[in-house]
Ligand SMILES: [Zn+2]
């Protein structure tokens with residue numbers, strides 16, 4: 001745990017308070033013989049206590065709140081982003097003319113004309 005901190009400020013304070021609450025719940029539950037609840041509360045207290053003391057949270061990490069660690073859990077938000085960025089221009093590009101010869105889009109202002117098959121191509125591709 002070096003500089004992979006992604007919990008701070010109010011978040012950390014809330015986790016600290018929850019740690020205390022869960023610890024109390026765990027102890028009380030175990031005393032009453034409710035082992036499962038006591039166990040769950042204890043695990044929660046340990047997890048949140050870990051977050052609060054180290055400033056690192058695996059859930060934050062999984063949600064890409066912090067992306068410094070190259071761990072097993074990696075949600076590829078950047079991948080979906082670039083995919084959207086690629087489909088955007090692609091759709092608007094479909095309204096452009098495409099050269100039947102070289103396949104490149106024909107930019108407005110470029111010299112173009114029909115070839116022998118009545119397809120629009122660049123003047124240079126004729
Ligand atoms: Zn062309």
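Numbering (the UniProt record's numbering), first residue to last: 1 to 126. A virtual CB, placed ideally from N, CA and C, is assigned to each residue, including glycine. Quantities reported herein were computed from a predicted structural model and do not represent experimental measurements.
- Annotated three-state conformation of residue 107 is coil, per DSSP.
- For residue 24, the closest of 13, 7, 10 and 44 by C-alpha to C-alpha distance is 44.
- In this structure, 39 is the residue among 17, 16, 39 and 18 with its C-alpha nearest to the C-alpha of residue 27.
- Contact annotation: residue 55 and residue 7 have beta-carbon atoms nearer than 9 Å.
- With a threshold of 16 other beta carbon atoms within 10 Å, residue 22 meets it and is buried.
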